[in-house]
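To start, the structure under review is shown below, and the notes come after it.
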Amino acid sequence: MSVFVTGATGFLGKHVVNECLEKNYSVIAAVRTQDKGDALIKQFNNPRLTTVAIGDLENLDAFEETFKVHGKDIKFVIHCASPAKWDIDSYEKDILIPARNGVLGILESIKKYAADSVERFVMTSSVMALIDFSKMQDSSVTFNEDSWNPTTWESCQTDPISAYAGSKKFAEQEAWKFYKENKDIVRFKLSTVIPSYIFGPQLFDEDVHEHLNTSNETVNQIIHATKLEDISPINALCCHIHDVAKSHVLAIEEENLADERLLVTSATFAAQDILNYLNADFPQLKGMIPVGSPDKAVENHPQGAVVENKKTRELLGFQFRTLKDCIDDTTIQVLKHEGRL
Ligand code: NAP
């Protein structure tokens with residue numbers, strides 16, 4: 001019996017595949033093309049990993065063939081694939097439709113070919129599916145595992161980040177709707193993992209390039225900033241890649257995580273917090289990057305709306321890594337790659 005992992009070529013997907021392999025599962029990894037599958041097989045070099053090429057998520061039948069052929073061998077599904085890039089041409093074509101069709105397509109294929117074999121379905125959502133940007137400055141507001149952003153399909157099409165936030169909400173809501181409507185037909189239990197900005201190392205050092213994946217690029221930009229003007233302002237929430245991957249795999253295993261939205265976030269940060277850790281923990285960056293205003297860090301003084309995940313922390317039952325772990329682990333890998341550590 002196998003775990004089927006989508007988005008397996010991505011930053012998170014590779015860590016999820018790795019976590020599954022380390023726990024002795026056999027993994028079928030969904031990739032966009034066979035070339036990408038071959039590269040993945042080479043990287044992992046593990047006989048318990050196989051790949052299937054599914055093409056583009058926008059095609060509602062992208063998963064048909066896979067479940068027709070392998071459906072009876074798949075016990076767990078972890079659906080990580082979704083567009084997570086901001087350099088796009090069309091909000092609908094490049095973000096909204098693939099995110100929504102991806103989840104609809106895989107769920108319909110399970111229903112058709114693996115209704116009895118798939119026991120757990122875990123999908124990656126995002127904290128952006130639940131926060132309301134317009135209320136983030138309001139300290140009387142709390143977001144938690146029950147929250148949804150108020151965006152509509154039309155209103156989110158103003159900029160890539162809003163479109164992404166919409167895509168994550170619509171995709172996650174499709175999953176819960178399908179689950180409710182098909183409870184008597186499919187056997188699986190649903191859980192969603194809802195991470196904030198995910199920081200941390202790429203699974204393979206060879207995946208470190210000049211530019212990193214969207215979330216880690218925030219840290220990478222600051223590692224290479226020579227003046228404050230090079231740094232884009234940010235005030236957000238983050239978590240560590242190892243905690244996010246672990247949460248996905250626990251969610252296929254643990255009974256108490258079924259039917260839950262798991263909000264995985266451990267810290268609040270601003271660009272200044274990243275600067276503070278870089279300056280304190282990496283002597284080779286001292287004098288190369290700005291110092292900023294160290295007392296303006298927000299980690300221990302969050303302002304505005306509260307994002308609360310006590311329930312998730314209790315359900316998962318392990319301690320999340322800290323902001324320092326997030327920043328330092330990302331930076332160590334970048335500096336090693338550049339021969340500066
Ligand atoms: P990533 O590195 O860009 O990985 C995205 C994965 O999805 C890749 O395997 C990609 O395939 C696949 N994919 C994207 N669009 C596709 C399409 N149209 N058709 C087929 N495959 C497609 O991003 P990530 O950071 O690992 O994100 C993984 C998941 O975590 C996403 O659901 C994302 O929304 C969620 N998430 C990420 C963060 C974060 O901070 N990183 C935070 C919250 C939630 P290719 O490699 O072929 O492009």
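Just so we're aligned, residue 1 is where the sequence shown starts under the UniProt record's numbering, counting upward by one.
Beta carbons are placed, not taken as given, at the ideal position from N, Cα and C, and that holds for glycine.
Note that the coordinates shown come from a computational prediction; the quantities given were computed from them, not determined experimentally.
Within 10 Å of its beta-carbon, does valine 17 have 16 or more other beta-carbons around it, so buried, or fewer, so exposed?
buried
beta-carbon asparagine 279 near ligand 1 non-hydrogen atom, thresh 8 angstroms:
no
If you draw a straight line from the alpha carbon of asparagine 213 to that of phenylalanine 11, how long is it in whole angstroms?
7 angstroms
Touch test, the stretch 265-281 against the stretch 139-157, Cβ-Cβ under 8 angstroms, three pairs minimum:
no
In the DSSP assignment, find the unbroken beta strand (DSSP E) run with phenylalanine 63 in it and report its ends.
Segment: none, phenylalanine 63 is in no beta strand (DSSP E) and carries neither H nor E.
Is DSSP giving isoleucine 198 helix, strand or coil here?
strand
Spatial neighbours of glycine 13 within its chain, please: CB distance less than 8 angstroms, with the 5 preceding and 5 following residues excluded, ordered by chain position.
Val5, Thr6, Gly7, Ala29, Cys80 and Ala81
Classify isoleucine 161: buried if its beta carbon has 16 or more other beta carbons within 10 angstroms, exposed otherwise.
exposed
Excluding sequence positions up to five away, which residues of its chain have a Cβ less than 6 angstroms from the Cβ of alanine 297?
Gln272, Asp273 and Asn276
Just confirm the distance between the C-beta atoms of serine 125 and valine 193, as a whole number of angstroms; I'd bet it's less than 8 angstroms.
7 angstroms
How would you call glutamine 202, buried or exposed, if buried means at least 16 neighbouring beta carbons within 10 angstroms?
buried
With a 10 Å radius around its C-beta and 16 neighbouring C-beta atoms as the bar for buried, classify isoleucine 185 as buried or exposed.
exposed
Taking only the alpha-carbon atoms, compute the straight-line gap between valine 307 and valine 219 and give it to the nearest angstrom.
22 angstroms
Distance CB(isoleucine 110)-CB(glycine 71) smaller than 9 angstroms:
yes
According to the neighbour-count rule (16 or more other Cβ atoms, all chains shown, within 10 Å of its Cβ), is phenylalanine 204 buried or exposed?
exposed
Cβ contact check for the stretch 122-137 and the stretch 51-69: 3 or more pairs under 8 angstroms:
no
Phenylalanine 133: first and last residue of the uninterrupted alpha helix (DSSP H) it sits in:
Segment: none, phenylalanine 133 is in no alpha helix (DSSP H) and carries neither H nor E.
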